[in-house]
C-alpha cells in the first residue's frame, strides 16, 4: 500500500486528529467508524474521553478501511479483521527489510 505524497505531508504536519476529521477523511459513515472503534480496529487516545482524538497515523488506517469496505463490500467486523491482517503483514515486511539490511 502506498500513501500519496499529500497524505504523507499532512500526516507529518499534525500529531492528533479529531473524531470528525477522522470520519471525514475516511469516507465511511460515522456509524461504521464507531463499529471499527468498538472492534479495536481504530483506537482513540482515550476511549473514555467525552470527545475522541486519535494519533494521526489512524488517518491512513481509516482510509484503508474505506477502500477495503468499498472494494470487497465487507461489514465493519470483517473490515476490522482484514485491517488486523494488513497491520501484521506490514510488521512482517518491516522485520524482513531489517533482517535483509543486517545481512548486507
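In the numbering used here, the protein residues as written are 2 to 105.
Ideal Cβ placement from N, Cα and C applies to all residues, glycine included.
Residue j beta carbon less than 8 Å from that of residue i
| i | j | result |
| --- | --- | --- |
| residue 80 | residue 69 | yes |
| residue 93 | residue 83 | no |
Residue nearest to residue i in terms of C-alpha spacing, selected from the options
| i | options | result |
| --- | --- | --- |
| residue 27 | 58, 103 and 96 | 58 |
| residue 53 | 91, 40 and 35 | 35 |
| residue 50 | 102, 20 and 33 | 20 |
| residue 18 | 55, 24 and 102 | 55 |
| residue 23 | 42, 48 and 64 | 64 |
| residue 78 | 39, 103, 31 and 105 | 39 |
| residue 109 | 100, 102, 43 and 99 | The question about residue 109 has no answer here: the residues shown for the chain are numbered 2 through 105. |
Start-to-end residues for the alpha helix (DSSP H) that takes in residue i
| i | result |
| --- | --- |
| residue 56 | Careful: residue 56 lies outside any alpha helix (DSSP H), inside the beta strand (DSSP E) at 54 to 56. |
| residue 47 | Unbroken run through residue 47: none, as it is neither H nor E. |
Opening and closing residue of the beta strand (DSSP E) in which residue i lies
| i | result |
| --- | --- |
| residue 18 | 17 to 19 |
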